[in-house]
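This note's numbering puts the sequence shown at residues 2 to 333.
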Amino acid sequence: MAAVFLVTLYEYSPLFYIAVVFTCFIVTTGLVLGWFGWDVPVILRNSEETQFNTRVFKKQMRQVKNPFGLEITNPSSASITTGITLTTDCLEDSLLTCYWGCSVQKFYEALQKHFYCFRISTPQALEDALYSEYLYQEQYFIKKDSKEEIYCQLPRDTKIEDFGSVPRSRYPLVALLTLADEDDREIYDIISMVSVIHIPDKTYKLSCRILYQYLLLAQGQFHDLKQLFMSANSNSTPSSNSSPGEKTTDRSLLEKAGLSESEVEPPEENSKDCVVCQNGTVNWVLLPCRHTCLCDGCVRYFQQCPMCRQFVQESFALCSQKEQEKDKLKAL
């Protein structure tokens with residue numbers, strides 16, 4: 002009704018229409034100022050408040066047990082000519098198969114074949130997928146729950162001192178861990194683990210390290226096993242002086258994340274306390290930066306990582322509250 006009146010008024014006289022609207026504005030302003038005075042309430046929102054209200058999604062996680070463990074012993078002494086020492090820690094009897102000079106292209110084609118064609122659950126399956134595109138192979142039997150040191154070396158008659166300049170067509174070493182017993186492959190979701198290892202030579206002297214680790218599942222998926230970055234606390238007690246109960250708790254926390262103690266460097270400087278409150282136990286991993294630095298109480302207040310200030314897109318817990326209470330009871 003008011004709209005029809007205003008349209009009719011405008012058609013009758015535009016100047017009279019403007020005068021009426023201006024008068025209504027003055028009257029309304031006077032009423033507002035008369036009611037509130039000059040302290041008119043204004044709601045302001047800054048960018049930080051808007052950012053704080055942004056929801057951080059909890060990533061849905063599925064816990065699986067990794068039966069394989071592999072680390073490099075004394076990486077500073079490893080080289081193409083002197084060889085490398087690997088330490089294994091497997092929950093079941095396993096086979097360690099090392100492929101020296103493995104073709105990069107054939108290796109990633111093999112991972113795709115595991116996804117689309119057949120499962121790489123045995124060394125023979127990987128060899129078939131690689132089409133023998135490697136220079137030398139050696140295999141070792143790993144006993145259950147025994148931390149064995151395996152010394153691997155290229156034969157001297159190969160006379161290989163380096164793998165060429167970067168970018169390279171071959172990885173220096175690819176280590177495959179598979180379950181030795183066929184019945185064990187039905188127990189675990191993870192049926193094999195492939196580690197790509199760089200070994201320094203006279204051409205490319207980057208320090209020896211594990212470049213990539215892939216967990217191959219029985220359903221055909223494969224996942225890239227990545228490190229978590231935990232805060233370093235110079236005041237923390239060295240691991241050699243910590244009690245056995247604390248060591249067990251720290252190890253179980255890392256195993257639930259799919260990591261061994263050696264994968265978070267350096268292990269003796271890791272702090273298990275939240276970087277914010279310095280009281281709660283670190284339990285939350287922030288993505289995509291992968292900083293593990295917040296406890297259950299503090300994670301809800303941060304939209305940016307307190308370590309690197311990167312925006313948090315997702316987060317997940319290393320273990321539930323019930324599992325933490327069980328670990329504390331076991332430690333006692």
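Ideal Cβ placement from N, Cα and C applies to all residues, glycine included.
- [ ] Within the same chain, show all residues whose beta-carbon is closer than 6 Å to that of residue 292, passing over the 5 residues directly before and after it, in chain order.
- [x] 230, 306 and 308
Open item on the list: Under DSSP, the alpha helix (DSSP H) around residue 289 begins and ends at which residues?
Closed with: From DSSP, residue 289 is part of no alpha helix (DSSP H); its letter is neither H nor E.
Open item on the list: Between the segment 222 to 229 and the segment 93 to 101, can you find at least three pairs of beta-carbon atoms closer than 8 Å?
Closed with: no
Open item on the list: Less than 9 Å between the beta carbons of residue 1 and residue 91, yes or no?
Closed with: The requested residue 1 does not occur in the structure, where the chain is confined to residues 2 to 333.
Open item on the list: Threshold first: 3 residues or longer. Then list the beta strand (DSSP E) segments lying entirely within the segment 119 to 172, N to C.
Closed with: 137 to 143 and 149 to 153
Open item on the list: Considering only DSSP beta bridges, list what residue 72 is partnered with.
Closed with: 88
Task: residue 136 vs residue 169 beta-carbon contact at 9 Å - done: no
Task: Simplified DSSP assignment, three categories, for residue 211 - done: strand
TODO: Kindly indicate which three-state DSSP category residue 110 falls into: helix, strand or coil?
DONE: helix
Open item on the list: One question on the structure: do residue 111 and residue 142 come within less than 9 Å of each other, judged by their Cβ atoms?
Closed with: no
- [ ] Keeping to the same chain, check which residues put their C-beta closer than 7 Å to that of residue 316; ignore five residues upstream and five downstream.
- [x] 57, 59, 60, 285, 286, 287, 288 and 300
- [ ] Please state if the CB of residue 89 and the CB of residue 149 are separated by a distance shorter than 9 Å.
- [x] yes
Task: Residues that residue 225 bridges to, as DSSP identifies them - done: 215
Task: CB contact flag (residue 226, residue 215, <9 Å) - done: yes
Task: Span separating the alpha-carbon of residue 131 from that of residue 290 - done: 33 Å
- [ ] Compare the Cα-Cα distances from residue 320 to each of 25, 65 and 28 and report the closest residue.
- [x] 65
Task: Distance, residue 176 Cα to residue 200 Cα - done: 12 Å
TODO: Check each candidate in 79, 152, 93 and 119 and name the one with the smallest Cα separation from residue 146.
DONE: 93
Task: Cβ shell of residue 77 (< 8 Å), same chain only, five flanking positions each side left out - done: 208 and 209
Task: residue 27 classed as buried or exposed, judged by whether at least 16 other C-beta atoms fall within 10 angstroms - done: exposed
Task: For residue 174 and residue 205, the rounded distance between their alpha carbons - done: 14 Å
TODO: Would you identify the three-state DSSP class for residue 32, choosing helix, strand or coil?
DONE: helix
Task: Whole-angstrom distance between residue 304 and residue 21, CA atom to CA atom - done: 50 Å
Open item on the list: By DSSP's criteria, residue 1 is part of a beta bridge. Which residues make up the other side?
Closed with: The structure shown does not extend to residue 1, since the chain is modelled only from 2 through 333, so no value can be given for it.
TODO: Buried or exposed for residue 19, please, with buried defined as at least 16 other CB atoms from any protein chain shown within 10 angstroms of its CB.
DONE: exposed
Task: For residue 194, the first and last residue of its enclosing beta strand (DSSP E) - done: 191 to 199
Task: For residue 174, the residue or residues it bridges with in DSSP - done: 101 and 198
TODO: Can you tell me which of the three DSSP states residue 294 falls into?
DONE: strand
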